[in-house]
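Chains as they are written, first to last, in the numbering used here: chain A, 2 to 29; chain B, 4 to 305; chain C, 441 to 662. One structure below.
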Amino acid sequence: DHSLLRQVSSLLRRLPAMESEKFQDDFL
Amino acid sequence: EEQVLIIREKLAELYESEQQWSKAAQMLSGIDLDSGIRMLDETYKLSKCVQIARLYLEDDDAVNAEAFINKASFLVSNSHHEVLNLQYKVCYARILDLKRKFLEAALRYYDISQIEKRQIGDEEIDEEALEQALSAAVTCTILAAAGPQRSRVLATLYKDERCSKLKIYPILQKVYLERILRKPEIDAFAEELKAHQKALLPDNFTVLDRAMIEHNLLSASKLYTNISFEELGALLGIAPQKAEKIASRMIYEDRMRGSIDQVEAVIHFEDDTEELQQWDQQIVGLCQALNDILDSMTSKGV
Amino acid sequence: MDIERKQAEIVDHFVKQAAVLDAEASLANLIAEATSHPSLFAFSEILSVPNLTKLEGTQFASHLELLRLFAYGACSDYKSNSDRLPALSADQVRKLKQLTVLMLAEGNKVLPYDQLMQELDVSNVRELEDFLINDCMYAGIVRGKLDQLRRCFEVQFAAGRDLRPEQLNNMIQTLENWLGTSDNLLHTIQDKIKWADAMSEENKKHRKEIEEKVEDAKQSFK
Chain A
2 DHSLLRQVSS
12 LLRRLPAMES
22 EKFQDDFL
Chain B
4 EEQVLIIREK
14 LAELYESEQQ
24 WSKAAQMLSG
34 IDLDSGIRML
44 DETYKLSKCV
54 QIARLYLEDD
64 DAVNAEAFIN
74 KASFLVSNSH
84 HEVLNLQYKV
94 CYARILDLKR
104 KFLEAALRYY
114 DISQIEKRQI
124 GDEEIDEEAL
134 EQALSAAVTC
144 TILAAAGPQR
154 SRVLATLYKD
164 ERCSKLKIYP
174 ILQKVYLERI
184 LRKPEIDAFA
194 EELKAHQKAL
204 LPDNFTVLDR
214 AMIEHNLLSA
224 SKLYTNISFE
234 ELGALLGIAP
244 QKAEKIASRM
254 IYEDRMRGSI
264 DQVEAVIHFE
274 DDTEELQQWD
284 QQIVGLCQAL
294 NDILDSMTSK
304 GV
Chain C
441 MDIERKQAEI
451 VDHFVKQAAV
461 LDAEASLANL
471 IAEATSHPSL
481 FAFSEILSVP
491 NLTKLEGTQF
501 ASHLELLRLF
511 AYGACSDYKS
521 NSDRLPALSA
531 DQVRKLKQLT
541 VLMLAEGNKV
551 LPYDQLMQEL
561 DVSNVRELED
571 FLINDCMYAG
581 IVRGKLDQLR
591 RCFEVQFAAG
601 RDLRPEQLNN
611 MIQTLENWLG
621 TSDNLLHTIQ
631 DKIKWADAMS
641 EENKKHRKEI
651 EEKVEDAKQS
661 FK
């Protein structure tokens, strides 16, 4: 099912959830 | 006094028939409503105050109209006269509109647009009038100062099904979704506005310009982490220094979150939520997306 | 999910059309229409329609090739093969650029402006940002933040593109990694809970012993 595969592909791109510098500082 | 009253009313009628609204209003305002000699009925006083206010509004004289609507405010709370109460509400909304208190005007116009009765006393309320009130509510909301209060009213209007049938709906949608408005859209919106809504302000921007610039600035704050004054000016179509000034005022008034680095000539926009909270929200979004996929799979029999 | 929902009907429409059209010219027109449609970003269903194989080896074979490019390729692929492919309309150029952004977002969360400008053949930052704002973010295919200081676009969400068969293994591997990490994390949490319970029990026992000793001492003092 192409539609499902595209949704899964999009889902996998969602992680890492954030990569900004400020986030890294706060997360640490 | 009784005779003076009758004469004044007759003269006012004549002036009205000749569309000399302010003169008619002045004629009626000479009636002594607080006379100690004659006892005037509260409904009569209210009707005169509202009538005078309406006449002044025909000539867009908000100052004088407001004086009489304020007098009417003391009388309307005890009034059960539905027609007068409605006329009072409409006058009040128009005065707020003329005085550029757009958000308050919008709320009052919206209130009027929600009238359910189609007949109040001898007055018939037609759908077109209600639609006009709704459209006026949308216009005033769009012209109001961009910020959290306006966002709440925008949400109410956007979710009202009736708005989707208005000619002004596309711009309402864009404003609600906090999207940047481009010149053709602004020009199309400007055609629907009244003169006072396009009036020139002391800073050489018109009322419309200022509303659009502030809206676009707020929209930019949703798209950018930071932006240079120059690029912001280019985006808003104004000089970089003016862009900085407007941004600083909005930040000061707590209508936008951010900080200004004058050394680097950059504006940093801050989200309403902290980084870690945003991270949480992203993960919630991911879980929801996962749920959607699982639902899709179930519905497709996978 | 929103994108998929919005384009499901459009995909369906084009698939049905592709299945019934007879003339090669009509199929070529259909491909042009699909690749120009403002709300369509998925082409593998249309590509899977057997009727399209009619175009192979004909004067319209390049249209089929173009459809494959829109399904799996990017602007740079078109540039390197432009002599073999049909000329693009303005709508198709925009679409291909949008698909290129989606493809770049597959690989990285943070997309440098320089890379984007090169891939999208855009000469200045204003033009790039206008494109990303109006044609990508407002179109709902990506969500993110533009950072002028760092000259990059941080992607928070990007719609999925059509998958090439060789991408499946990567996807499965990623999902397995997620599963492994999640399992490990759950086990770690479980262990921590057990440890916390054990410490709590020991604390209670120790407290009771101390209290008993205190009581004994009081009694002997009396």
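Where a beta carbon is used, it is the ideal one built from N, C-alpha and C, also for glycine. Just so it is clear, the structure is predicted and the values come from calculations on it, not from any experiment.
Whole-number beta carbon distance between residue j and residue i, since they are thought to touch under 8 Å
i	j	result
B/T209	C/K585	Contact flag wrong, Cβ pair sits at about 31 Å.
A/E20	C/V550	6 Å
A/L12	B/L293	6 Å
B/L110	B/A75	Wrong, their Cβ atoms sit about 19 Å apart, outside the cutoff.
B/L2	B/I249	Outside the shown range of chain B (4 to 305) lies residue 2 of chain B, about which nothing can therefore be said.
C/R583	C/P552	Actually they do not touch by this definition, with Cβ atoms about 18 Å apart.
B/E273	B/R260	4 Å
B/A158	B/Y179	7 Å
C/A545	A/R14	7 Å
B/L78	B/A68	Not really, about 16 Å apart at Cβ, beyond 8 Å.
B/Y113	B/L133	Wrong, their Cβ atoms sit about 11 Å apart, outside the cutoff.
B/S251	B/I263	6 Å
B/A149	B/H218	5 Å
C/Q447	C/L480	5 Å
C/L556	C/R601	Not confirmed; about 17 Å, so no contact.
Alpha-carbon spacing of residue i relative to residue j, whole angstroms
i	j	result
C/D523	C/L506	12 Å
B/I98	B/A139	13 Å
B/S224	B/E21	53 Å
C/F571	B/E233	18 Å
A/Q25	C/D575	30 Å
B/A246	B/L238	10 Å
C/E464	B/V269	56 Å
B/E4	B/K26	20 Å
C/S622	B/I230	38 Å
C/Q596	C/V541	13 Å
B/Q117	B/C166	12 Å
C/D531	B/D62	50 Å
B/N81	B/Y47	13 Å
C/W635	B/Q152	50 Å
B/R213	B/N73	29 Å
B/H308	C/L509	Nothing about residue 308 of chain B can be read from this structure; chain B reaches only from 4 to 305.
C/D637	C/I629	12 Å
C/L536	C/A514	6 Å
C/I573	B/V156	25 Å
B/Q135	B/Q6	40 Å
C/A598	B/L289	12 Å
C/R647	C/I633	21 Å
Collapsed DSSP secondary structure at residue i in the structure displayed
i	result
B/I254	helix
B/Y179	helix
C/R583	strand
B/Q6	helix
B/E126	strand
C/Q596	strand
B/T228	strand
B/D206	coil
B/V141	helix
B/F272	strand
B/G261	strand
C/L676	Summary: the structure shown does not reach residue 676 of chain C, with chain C confined to residues 441 through 662, and so no result is reported for it.
B/A147	coil
C/M611	helix
C/A463	coil
Buried or exposed (CB count within 10 angstroms, at least 16 for buried), residue i
i	result
B/M42	exposed
C/R445	exposed
C/K645	exposed
C/N564	exposed
C/A482	buried
C/A657	exposed
B/I10	exposed
B/D283	exposed
B/D267	Per the sequence shown, the amino acid found at residue 267 of chain B is Glu instead of Asp. Answer is exposed; the Cβ neighbour count stays below 16.
Same chain, Cβ closer than 6 Å to residue i, neighbours up to 5 away in sequence not counted
i	result
B/P243	F232, E233, G236
Close Cβ partners of residue i (< 7 Å) along its chain, the five nearest in sequence each way excluded
i	result
B/V93	I115
B/D163	none
C/L492	A458, L467, L504
B/M215	L184, I189
C/H477	I450
C/L470	F454, Q457, A458, L461
Other residues of its chain near residue i: CB distance less than 8 Å, five sequence neighbours each side excluded
i	result
C/R604	Y512
B/I174	I145, L184, E188, A191, F192
C/D442	G580
Any non-hydrogen atom of the ligand HEM within 7 Å of residue i CB
i	result
B/V269	No copy of the ligand HEM appears in this structure; indeed no ligand is present at all.
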